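K.L.:
Below is the structure I would like to discuss, written out as structure tokens.
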Amino acid sequence: SGESGAGKTESTKLLLQHIMNLCKGNSQLEQQILQVNPLLEAFGNAQTVMNDNSSRFGKYIQLRFQKNTVRGAKLSEYLLEKSRVVQQDTGERNFHIFYYMFAGLSLEEKEMYGLLDPSLYRYISGRFGTQDVAQRWKHKYQEVCNALDMVGFQEQEQVDMQAILAGVLSLGNVTFEPEESNGSVKVSEASRGWLKAAAVDVSRQLVCCVPCSPWSPSVSCCCSLCADARDSIAKVAYGRVFGWIVCKINELLAENVDSEVELSEIGILDIFGFENFAVNRFEQLCINLANEQLQHFFNHHIFQLEQAAYKEEELPWETITFNNNQSILNLLLAKPLGLLSLLDEQSAFPQATDKTFVDKLNSSFKGNLHFQPGRSRVLGFSIIHYAGKVQYTAGGFLEKNRDTLPANVLGLFINSITPLLSVLFTGKSLCYGRASYMNQGPPRQELSVGMRLHSLMVLMERMYSANPHFVRCIKPNNQKEPGVVDSQMVLLQLRYNGLLETIRIRRDGFSWRPSFEEFAER
1 SGESGAGKTE
11 STKLLLQHIM
21 NLCKGNSQLE
31 QQILQVNPLL
41 EAFGNAQTVM
51 NDNSSRFGKY
61 IQLRFQKNTV
71 RGAKLSEYLL
81 EKSRVVQQDT
91 GERNFHIFYY
101 MFAGLSLEEK
111 EMYGLLDPSL
121 YRYISGRFGT
131 QDVAQRWKHK
141 YQEVCNALDM
151 VGFQEQEQVD
161 MQAILAGVLS
171 LGNVTFEPEE
181 SNGSVKVSEA
191 SRGWLKAAAV
201 DVSRQLVCCV
211 PCSPWSPSVS
221 CCCSLCADAR
231 DSIAKVAYGR
241 VFGWIVCKIN
251 ELLAENVDSE
261 VELSEIGILD
271 IFGFENFAVN
281 RFEQLCINLA
291 NEQLQHFFNH
301 HIFQLEQAAY
311 KEEELPWETI
321 TFNNNQSILN
331 LLLAKPLGLL
341 SLLDEQSAFP
351 QATDKTFVDK
361 LNSSFKGNLH
371 FQPGRSRVLG
381 FSIIHYAGKV
391 QYTAGGFLEK
401 NRDTLPANVL
411 GLFINSITPL
421 LSVLFTGKSL
431 CYGRASYMNQ
441 GPPRQELSVG
451 MRLHSLMVLM
461 ERMYSANPHF
471 VRCIKPNNQK
481 EPGVVDSQMV
491 LLQLRYNGLL
501 ETIRIRRDGF
511 SWRPSFEEFA
521 ER
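Heads up: the sequence shown at position 196 corresponds to 196 in UniProt numbering, and the numbers run straight through without jumps.
Here it is, written out as structure tokens:
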């Protein structure tokens, strides 16, 4: 755990290499496990103002062992930041894979996928990089291709996957204009070429899914709603590709042993770090909630369990106090009146807006020490987290939490001529060990993001029964510079992480705990 840019992902990679080295094997499985990381980073990481290689999802890697030999692995992913596909703030980029493709594909391949100059695409904000950066991306693209081959993706699957990604970029350039004859909305003449490049006949469906009704009285409003539908298609398509990659990885890394063989397990949780930007949205709330849970888990294990053991054995001990963040978790997670429950409740009402949601928060949490109503003109609120106060902008909260795809667009994907796209939306591919959107049967209703956060909570509960080791990553400076230590910044992190109290309990406490058998033997 640690702030965004503190080194969690790099530490995870080193830890995996170390474990594989300790196994003293050089099997194909071990190499495949190590190759998974560059693949996940390309599709799940992006440049932010805090970190040039920021994980925009959480991952839990389970390594299964039989007598010190790795027999299999399983990956679980949590809360991919899909909104990044369609929008990035100043100084930020889209997911790495889009830039790698532009730098690494040959001219013939770009022509095959309908890719033009990268500066033309709205979803990557027309920003590319210098010649040096492009050269590095080209090298990274080759790494991704090698990893896809190594992990076991078929050539046609790789072609389909890149065709979908190219289609997503082209879809972002589709715009809408009024139909003069009947006052409805159509795809603009100027962007018909982009629609063709996106290789999906979405125009009719995008307009169909937004009837001009009392809810959308103006044509300009209809155009805006069509653009929202276009963006939701792009986000869902990218999210499904990412989920499919994780499923394929799990199929390929699954242990091949008899069910009665007992395997031991090491799990590594690498989750997005605490974030506080100039503008904080729904995604930052989800990320910071996950960090609140990790902090509570750390507190519970280090302070509560340890001191309870001293008390039980009646050792002379002066209780060490710590900042318990349970009250912040109650504010966010309590049922039925926690922030997430209220968000899900509001998301269920078609007439609800981000303003009605904020009004509900202001009335429900009046007087709560960890909540402050917004004081600027921008609709929002503040939460006093364990790591400090974060001001959230509430615009888009309900839409992002609903995370839905217009029902009539689903049919387009199911009947797609791109085999992979059809598979992603029909549920014909069962994934090893993962309750995902690829289960058999008709496409199920999407869960809200708030509900999906509960899968992360289930993981946390499982960790309480394990034997955890904590790797606390400390960020040395905010300039992304090597060899520079900002001592005030480091001290602030040591304080809010509870590490100063941890040092005290380790120094004053009882570090050697032999069993009675060991004691008698000695």
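Positions of the beta carbon are idealized from the N, C-alpha and C atoms, including for glycine. Remember, predicted model here, so these are calculated numbers, not experimental data.
#1: Could you check the C-alpha separation between Ser191 and Ala227 for me, to the nearest Å?
#2: DSSP three-state call for Gly7: helix, strand or coil?
#3: How big is the Cα-Cα spacing for Phe371 and Ser416?
#4: I need the straight-line Cα distance from residue 523 to Gly104, nearest angstrom please.
#5: Using alpha carbons as the reference points, say which of Ile474, His301, Leu343, Pro419 lies closest to Ser448.
#6: Classify Ala482 as buried or exposed, calling it buried when 16 or more other Cβ atoms lie within 10 Å of its own Cβ.
#7: Taking only three categories from DSSP, how would you classify Val484?
#8: Quick one: measure Cβ to Cβ for Phe274 and Glu3, integer angstroms, because I've assumed they're closer than 8 angstroms.
#9: Would Trp137 and Ser170 qualify as a contact pair, given that the criterion is a beta-carbon distance under 8 angstroms?
#10: Evaluate the contact criterion for the region 310-329 versus the region 489-509: three or more CB pairs, one atom per stretch, below 8 angstroms.
#11: Going by other Cβ atoms of all chains shown within 10 Å of its Cβ, with 16 needed for buried, is Asp403 buried or exposed?
#12: Since I believe Leu424 is in contact with Arg240 (beta carbons under 8 angstroms), could you give me their beta-carbon distance rounded to a whole number of angstroms?
#13: Does the region 23-33 come close enough to the region 490-497 that 3 or more CB-CB pairs lie under 8 angstroms?
#14: In angstroms, rounded to a whole number, what distance separates the CA positions of Glu283 and Thr9?
#15: Since Val70 sits in a beta bridge, which residues does DSSP pair it with?
#16: With a threshold of 7 angstroms (Cβ to nearest heavy atom), would Phe322 be considered close to the ligand NAP?
#17: Assuming Ala254 and Phe272 are in contact, meaning their beta carbons sit under 8 angstroms apart, how far apart are those beta carbons, in whole angstroms?
#18: Per DSSP, Ile328 is paired with what?
#19: Just verifying my parser: in three-state terms, what is the DSSP assignment at Val390?
#20: Alpha carbon to alpha carbon, how far is Leu337 from Phe153? Give it in angstroms, no decimals.
#21: Since Ile61 contacts Ile287 with CB under 8 angstroms, what's their CB separation in whole angstroms?
#22: So His139 is in the alpha helix (DSSP H); what residue range does that whole segment cover?
#23: Count the other CB atoms within 10 Å of the CB of residue 585; is the residue buried (16 or more) or exposed (fewer)?
#24: What separation, rounded to the nearest whole angstrom, lies between the Cα atoms of Thr55 and Ser341?
#25: Looking at Phe95: is its Cβ nearer than 8 angstroms to the Cβ of Ala46?
#26: Report yes or no: do the region 298-310 and the region 503-518 share at least 3 C-beta pairs separated by less than 8 angstroms?
#27: For Phe95, name the three-state secondary structure that DSSP assigns.
#28: Under the three-state reduction of DSSP, which class applies to Gln479: helix, strand or coil?
#29: Applying the criterion that 16 or more other CB atoms from any shown protein chain within 10 Å of the CB defines a buried residue, is Ala520 buried or exposed?
#30: Exposed or buried, what is Val85 when buried is set at 16 or more other beta-carbons lying within 10 Å of its beta-carbon?
#31: Are the Cβ atoms of Val490 and Ser11 separated by less than 8 angstroms?
#32: Where Met451 and Leu398 are concerned, what is the direct C-alpha to C-alpha distance, given to the nearest angstrom?
#33: Counting only the same chain and skipping the five closest in sequence on each side, list residues whose C-beta sits under 8 angstroms from that of Ser213.
#34: Scan the region 281-355 and note each continuous alpha helix (DSSP H) run of 4 residues or more that stays entirely inside, going in chain order.
P.N.:
Once the coordinates are examined:
#1: 13 angstroms
#2: coil
#3: 47 angstroms
#4: This structure leaves residue 523 out entirely; the chain is present only between 1 and 522.
#5: Selected option, being the one with the closest Cα: Leu343.
#6: Checking the sequence, you will find Pro at residue 482 rather than Ala. Exposed is the call here.
#7: If DSSP states are grouped into helix, strand and coil, Val484 belongs with coil.
#8: Rounded, the Cβ-Cβ distance is 5 angstroms, consistent with contact.
#9: no
#10: In this structure the region 310-329 touches the region 489-509; the number of beta carbon pairs closer than 8 angstroms is three or more.
#11: buried
#12: 4 angstroms
#13: In the pairwise beta carbon analysis, the region 490-497 is classified as not touching the region 23-33: fewer than three pairs are separated by under 8 angstroms.
#14: 19 angstroms
#15: Phe65
#16: For the structure depicted, the ligand NAP is absent and the ligand set is empty, with no information on it obtainable.
#17: Ala254 to Phe272, Cβ: 26 angstroms. No contact.
#18: Paired residues: none, contrary to the question.
#19: strand
#20: 46 angstroms
#21: About 19 angstroms; that fails the 8 angstroms criterion.
#22: Unbroken alpha helix (DSSP H) run through His139: 131-151.
#23: Because the chain spans 1 through 522 in this model, residue 585 falls outside it and cannot be assessed.
#24: Note that residue 55 is Ser in the sequence shown here, rather than Thr. Roughly 26 angstroms between the two C-alpha positions.
#25: yes
#26: yes
#27: strand
#28: Coil, per DSSP.
#29: exposed
#30: Its Cβ being crowded by 16 or more others within 10 Å, Val85 is buried.
#31: No, the Cβ-Cβ distance between Val490 and Ser11 is not below 8 angstroms.
#32: Each residue's Cα considered, the two are about 13 angstroms apart.
#33: Here the model assigns Ser213 a pLDDT of 44, short of 50, so the residue's position is not dependable, and the following value carries that caveat. Result list for Ser213: empty, nothing under 8 angstroms.
#34: 282-299, 306-312, 326-333, 339-347
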